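Below: one structure, written as structure tokens.
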Amino acid sequence: MDKNKRKIKQFKKALGSFFRVFLVLFLAVVIFFSGAHLVTSNKTIARLSENQALYLGEVTGKYDKDNGQWSQNVDFNLYWDIWDTLRNNYINKEEFSEKKMFYGSLKGMVSALGDPYTEFMDPQENKDFNEEMSGSFEGVGMEVGIRDDVLTVISPLEGTPAFRAGIMAGDKILEIDSEITKGMNINEAVSKIRGPKGSEVVLTIFRENLEEVLEFKIIRDTIIVKSVTHNILDDDIHLIKIISFNNDTQKLFLEAVNNIYNSDPKGLIIDLRNNPGGYLETPVALLGEWIDGEIAVIEKFGDGRVMDYKSSGLNRLTNYPTVVLINGGSASASEIMTGALQYHGKAVIVGEKSYGKGSVQILKPLRDGSALKMTMAEWLTPAGENINEKGITPDKEVVLSYDDYKEDRDPQLKSAIDLLK
Numbered sequence: 519m520d521k522n523k524r525k526i527k528q529f530k531k532a533l534g535s536f537f538r539v540f541l542v543l544f545l546a547v548v549i550f551f552s553g554a555h556l557v558t559s560n561k562t563i564a565r566l567s568e569n570q571a572l573y574l575g576e577v578t579g580k581y582d583k584d585n586g587q588w589s590q591n592v593d594f595n596l597y598w599d600i601w602d603t604l605r606n607n608y609i610n611k612e613e614f615s616e617k618k619m620f621y622g623s624l625k626g627m628v629s630a631l632g633d634p635y636t637e638f639m640d641p642q643e644n645k646d647f648n649e650e651m652s653g654s655f656e657g658v659g660m661e662v663g664i665r666d667d668v669l670t671v672i673s674p675l676e677g678t679p680a681f682r683a684g685i686m687a688g689d690k691i692l693e694i695d696s697e698i699t700k701g702m703n704i705n706e707a708v709s710k711i712r713g714p715k716g717s718e719v720v721l722t723i724f725r726e727n728l729e730e731v732l733e734f735k736i737i738r739d740t741i742i743v744k745s746v747t748h749n750i751l752d753d754d755i756h757l758i759k760i761i762s763f764n765n766d767t768q769k770l771f772l773e774a775v776n777n778i779y780n781s782d783p784k785g786l787i788i789d790l791r792n793n794p795g796g797y798l799e800t801p802v803a804l805l806g807e808w809i810d811g812e813i814a815v816i817e818k819f820g821d822g823r824v825m826d827y828k829s830s831g832l833n834r835l836t837n838y839p840t841v842v843l844i845n846g847g848s849a850s851a852s853e854i855m856t857g858a859l860q861y862h863g864k865a866v867i868v869g870e871k872s873y874g875k876g877s878v879q880i881l882k883p884l885r886d887g888s889a890l891k892m893t894m895a896e897w898l899t900p901a902g903e904n905i906n907e908k909g910i911t912p913d914k915e916v917v918l919s920y921d922d923y924k925e926d927r928d929p930q931l932k933s934a935i936d937l938l939k
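In case it helps, my numbering puts the sequence shown at residues 519 to 939.
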């Protein structure tokens, strides 16, 4: 009996030892696989984090897929370090404006691209821009741009204070109210030239072929611009002057075409001199009266994509002899119209070489009333030619000199009339 008890006791002891060994092995296995799972999970999390970082890099344009490295070393902490340093230590606290500094930083970022047509406009500048495109604003009435790093008059608008004072396309503005313009962007210059009706602005001008600089004292006025005018000259020749391609241009142009079509004129003159441009779609629409269904302009994007714009219209002017007048103030949309009529053989181009602006901008309104005007494509003539900084050469070159201007002579218009006669 005692012998049997000892055997049972030994068996239980052996069984307990087995279970302890089994439990240790089981726990070891569990711990091993748990550790393996955690390692795998951590690697998965790491990969997910990496994917998010790559995606963020692609979105912000800072990640270079080719070599898997950040293509730019941008530390935005530096921006905030400077911001805080200025806010805490700048001497003139009463002049410190965070909003002004913020908008200034956006202007600097955009201007760093070196494209004079890509610009950030704060809410007031955007408001002024939209007023100008609507055809009503207060100022002197001229379009300016940056040419060879110099503030340059693209065109004075006919009948405005600038035009009456004798400002001409191509004039270099050296000073505005004795403030040197070198380094100013277009928005800064426009804001200084503009002002309330009745106030004075003094422009110091350099003009080619003159030894001395000129000083113009101009009284600002309310500028109301009707973008299209229509007159009938001698010998039943019709003159359409397009001042700019704005909101009202297509409507006014079609009204003029209706009158022309019903009168069966001897010829037609389209005056695009000092026309600084406007909306790209407008000349495309107007060209439908000459080249319905034909290519008006070609747009080429940064990624190599190309888009053809074909005109659509009633083709009512296609059989009328047409002359187009251009000069150095004819830019952008006016060059689109000129280039298409020249290419399709629908008009003789008379005057002087055009300005040469072959890029297209989009206007992106922002939530606070500001806007970003950004170059997003270049445009080409139907022949595929880029006229940027080259301009369009007239078929017949006729120069209008400063003496002609002072004596109220217009040899370019006279040449156009003679051709149609």
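The beta carbon of each residue, even a glycine, is placed where N, CA and C say it ideally should be.
Nothing here was measured: the structure is a model prediction, and the numbers come from that model.
Inset, instruction - Note down, in chain order, each residue of its chain lying with its Cβ closer than 6 Å to the Cβ of SER933, except the 5 sequence neighbours on either side. - result: Along the sequence shown, read from residue 1 onward, the residue named residue 933 stands at position 415. Excluding sequence neighbours, SER933 sits near VAL868, VAL916.
Legend entry - Reference TYR779; option with closest CA among ASP739, MET627, SER762, HIS748: Within the sequence shown, numbered from 1, the residue matching residue 779 stands at position 261. For TYR779, the nearest C-alpha among the options comes from HIS748.
Inset, instruction - Counting only the same chain and skipping the five closest in sequence on each side, list residues whose C-beta sits under 8 Å from that of GLY713. - result: Counting from 1 along the sequence shown, the entry for residue 713 is found at position 195. Hits under 8 Å: GLU656, GLY657, VAL719, ARG738.
Legend entry - Contacts around LEU790, its chain only, beta-carbon distance under 7 Å, and the 5 residues preceding and following it disregarded: The residue given as residue 790 occupies position 272 in the sequence shown. In chain order, ILE760, VAL842, LEU843, ILE844, SER848, SER852, MET855, THR856 place their CB closer than 7 Å to the CB of LEU790, counting only its own chain and leaving out the 5 sequence neighbours on each side.
Legend entry - Buried versus exposed call for PHE551 [16 or more other C-beta atoms within 10 Å across all chains shown]: Here residue 551 refers to the residue found at position 33 of the sequence shown. Note that PHE551 scores 43 on pLDDT, short of 50, meaning its location in the model is unreliable and no value can be drawn from it.
Inset, instruction - Return the CA-CA distance between ASP584 and VAL746, expressed in angstroms with no decimal places. - result: Residue numbering aside, residue 584 sits at position 66 when the sequence shown is read from its first letter. Residue numbering aside, residue 746 sits at position 228 when the sequence shown is read from its first letter. Residue placement at ASP584 cannot be trusted, given a pLDDT of 49 that sits under 50; the coordinates are not used to answer.
Inset, instruction - Give the DSSP-derived three-state secondary structure of GLY869 in the structure shown. - result: For the purposes of this step, residue 869 is identified with residue 351 of the sequence shown, where counting begins at 1. Assigned with DSSP and collapsed to three states, GLY869 falls in strand.
Inset, instruction - Please confirm whether LEU675 and ILE742 have their CB atoms less than 8 Å apart. - result: Locating residue 675 in the sequence shown gives position 157, counting from the first residue. Locating residue 742 in the sequence shown gives position 224, counting from the first residue. Taking 8 Å as the Cβ cut-off, LEU675 and ILE742 do not qualify as a contacting pair.
Inset, instruction - Kindly confirm or deny that the stretch 873-892 and the stretch 639-646 touch, where touching means at least three C-beta pairs closer than 8 Å. - result: A contact exists between the stretch 873-892 and the stretch 639-646.
Inset, instruction - Mark GLU616 as exposed unless 16 or more other C-beta atoms lie within 10 angstroms of its C-beta, in which case mark it buried. - result: Counted from its first residue, the sequence shown places residue 616 at position 98. Exposed, since its Cβ has fewer than 16 Cβ neighbours within 10 Å.
Legend entry - Stretch-stretch touch, CB-based, cutoff 8 Å, three pairs: the stretch 649-669 with the stretch 688-695: In this structure the stretch 649-669 touches the stretch 688-695; the number of beta carbon pairs closer than 8 Å is three or more.
Legend entry - beta strand (DSSP E) runs wholly inside the stretch 712-744, at least 3 long, in chain order: Within the stretch 712-744, complete beta strand (DSSP E) segments of at least 3 residues are found at 718-724, 732-737, 739-742, given in chain order.
Inset, instruction - Please go through the same chain and pick out, in chain order, the residues whose beta-carbon is closer than 7 Å to the beta-carbon of LYS881, but skip the five residues on each side of it. - result: Within the sequence shown, numbered from 1, the residue matching residue 881 stands at position 363. Correcting the residue identity first, residue 881 is Leu in this sequence and not Lys. The beta carbon of LEU881 sits closer than 7 Å to those of ALA889, LYS891, all from its chain and outside the five residues before and after it, given in chain order.
Legend entry - Of the listed residues TYR873, LEU786, THR893, nearest to GLN879 (C-alpha basis): Counted from its first residue, the sequence shown places residue 879 at position 361. The residue with the shortest Cα to Cα distance from GLN879 is THR893.
Inset, instruction - Give the DSSP-derived three-state secondary structure of ASN514 in the structure shown. - result: Since the first residue of the chain shown is 519 and the last is 939, residue 514 is not available in this structure.
Inset, instruction - Have a look at ILE711 and GLY822 and give me their C-alpha separation to the nearest angstrom. - result: As a first step, residue 711 must be located in the sequence shown, where it is residue number 193. As a first step, residue 822 must be located in the sequence shown, where it is residue number 304. The alpha-carbon atoms of ILE711 and GLY822 are separated by roughly 39 Å.
Legend entry - Rounded distance between the beta-carbons of THR767 and PHE796, thought under 8 Å: Sequence index remark: in the sequence shown, residue 796 carries index 278 (1-based). Sequence index remark: in the sequence shown, residue 767 carries index 249 (1-based). The sequence given here places Gly at residue 796; Phe does not occur at that position. Contact between GLY796 and THR767 holds: CB atoms are separated by about 7 Å, below the 8 Å threshold.
Legend entry - Assigned secondary structure, PRO839 (DSSP; H/G/I helix, E/B strand, else coil): Start at 1 with the first residue of the sequence shown, and residue 839 comes out as number 321. Coil at PRO839, not helix or strand.
Inset, instruction - Measure the alpha-carbon distance for VAL592 versus LEU931 and round it to whole angstroms. - result: For the purposes of this step, residue 592 is taken as the residue at position 74 of the sequence shown. For the purposes of this step, residue 931 is taken as the residue at position 413 of the sequence shown. Those two C-alpha atoms are separated by around 56 Å.
Inset, instruction - Quick one: residues in its chain with C-beta nearer than 7 Å to the C-beta of PHE647, no 5 flanking neighbours on either side, listed in chain order? - result: If you number the sequence shown from 1, residue 647 lands on position 129. For PHE647, same chain residues with a beta-carbon under 7 Å away, outside a window of 5 residues either side, are MET639 in chain order.
Legend entry - Span separating the alpha-carbon of MET627 from that of PHE614: For the purposes of this step, residue 627 is identified with residue 109 of the sequence shown, where counting begins at 1. For the purposes of this step, residue 614 is identified with residue 96 of the sequence shown, where counting begins at 1. Taking the straight line from one Cα to the other gives about 20 Å.
Legend entry - Residue span of the beta strand (DSSP E) that contains ARG665, given as start and end: Locating residue 665 in the sequence shown gives position 147, counting from the first residue. Run containing ARG665: 660-665, per the beta strand (DSSP E) assignment.
Legend entry - Other residues of its chain near GLY716: CB distance less than 6 Å, five sequence neighbours each side excluded: Against the sequence shown, residue 716 aligns to sequence position 198. So the list is empty, once near-sequence residues are dropped.
Legend entry - Length of the line joining the Cα atoms of ILE672 and GLU661: For this step, residue 672 is matched to residue 154 along the sequence shown. For this step, residue 661 is matched to residue 143 along the sequence shown. Cα-Cα distance, rounded: 5 Å.
Legend entry - Close-in-space but distant-in-sequence residues of the same chain around SER872 (CB under 6 Å, 5 per side omitted): Along the sequence shown, read from residue 1 onward, the residue named residue 872 stands at position 354. Closer than 6 Å at Cβ, skipping near neighbours: ILE844, SER848, GLU853, GLY909, ILE910.
Inset, instruction - Output the distance between the C-alpha atoms of ALA865 and LEU721, rounded to the nearest integer angstrom. - result: Mapped onto the sequence shown, residue 865 falls at position 347. Mapped onto the sequence shown, residue 721 falls at position 203. Each residue's alpha carbon lies about 37 Å from the other.
Legend entry - Rounded straight-line distance, which links the Cα of GLU733 to that of LEU804: As a first step, residue 804 is located in the sequence shown; it is residue number 286 there, counting from the start. As a first step, residue 733 is located in the sequence shown; it is residue number 215 there, counting from the start. Computed Cα separation, rounded: 39 Å.
Legend entry - Own chain partners of TYR923 with C-beta closer than 8 Å, once the 5 adjacent residues on each side are dropped: The count along the sequence shown starts at 1 and reaches residue 923 at position 405. Taken in chain order, the residues that qualify are GLY684, MET686.
Legend entry - Spatial neighbours of PHE724 in its chain, beta-carbon cut-off 7 Å, leaving aside the 5 residues before and after: Working through the sequence shown from its first residue, we reach residue 724 at position 206. Leaving aside the five residues that flank PHE724 on each side, the residues in its chain whose CB is nearer than 7 Å to its CB run, in chain order, LYS690, LEU692, VAL731.
Inset, instruction - Tell me, to the nearest whole angstrom, how far the beta carbon of LYS914 is from that of ASP753; I am working on the premise that it is less than 8 Å. - result: By 1-based counting over the sequence shown, the position of residue 914 is 396. By 1-based counting over the sequence shown, the position of residue 753 is 235. Contact between LYS914 and ASP753 is absent: CB atoms are separated by about 19 Å, not below the 8 Å threshold.
Inset, instruction - Note the first and the last residue of the continuous alpha helix (DSSP H) segment covering LYS875. - result: Residue numbering aside, residue 875 sits at position 357 when the sequence shown is read from its first letter. Run containing LYS875: none; DSSP gives neither H nor E here.
Legend entry - Coarse secondary structure for MET825, derived from DSSP in three states: Walking along the sequence shown from the start, residue 825 turns up at place 307. MET825: strand per DSSP, three-state reduction.
Legend entry - Burial state of SER850, where buried means 16 or more other Cβ atoms lie within 10 Å: For the purposes of this step, residue 850 is taken as residue 332 along the sequence shown, with counting starting at 1. Here SER850 is buried. Its C-beta has 16 or more other C-beta atoms within 10 Å.
Inset, instruction - Indicate whether LEU786 and PRO839 have their beta-carbon atoms separated by less than 8 Å. - result: Walking along the sequence shown from the start, residue 786 turns up at place 268. Walking along the sequence shown from the start, residue 839 turns up at place 321. Contact annotation: LEU786 and PRO839 have beta-carbon atoms nearer than 8 Å.
Inset, instruction - Output the residue ranges of the beta strand (DSSP E) runs that lie fully inside the stretch 618-699 and measure 3 residues or longer, sorted by chain position. - result: Correct list: 637-639, 654-657, 660-665, 668-674, 690-694.
Inset, instruction - Determine the closest residue to SER652 out of ASN764, PRO634, LYS769, with distance taken between C-alpha atoms. - result: Counting from one through the sequence shown, the residue named residue 652 turns up at place 134. Nearest of ASN764, PRO634, LYS769 to SER652, Cα basis: ASN764.
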